[in-house]
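Going by my numbering, the letters in the sequence shown line up with residues 1058 to 1128, in that order. All C-beta atoms in this analysis are idealised placements derived from N, C-alpha and C, irrespective of residue type, glycine included. Here is the structure we will look at, set down as structure tokens.
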Amino acid sequence: MANLPPDKKNTTLVIDQGTSSTKIFLFNLSNHVVFKSEDKHTLKYPRPGHVEADALAIAHTCEKLINGIRL
């Protein structure tokens, strides 16, 4: 992202890690969303009342979303 125009360089990345999905938001200095993306997770239900998520899969999802940022 080094070749971004000056108005896109000063941004803040927010990762919203939820139970069923990961969302990313990129905000500019005026607090406007300049990019957003979301990817859902596969959840396992091993027994009633229990939900499991694969931490490594979530990490890969974060990496995929960040690498997919397009401005």
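- Beta bridge pairing from DSSP links GLU1109 with LYS1101.
- Taking 8 Å as the cut-off, the Cβ atoms of GLU1109 and LYS1101 count as close.
- Under the 10 Å beta carbon count, LEU1122 is surrounded by 16 or more other beta carbons and is classified as buried.
- By the beta-carbon neighbour count (other beta carbons within 10 angstroms, threshold 16), THR1079 is buried.
- The C-alpha of ASP1111 is placed about 23 Å away from the C-alpha of LYS1093.
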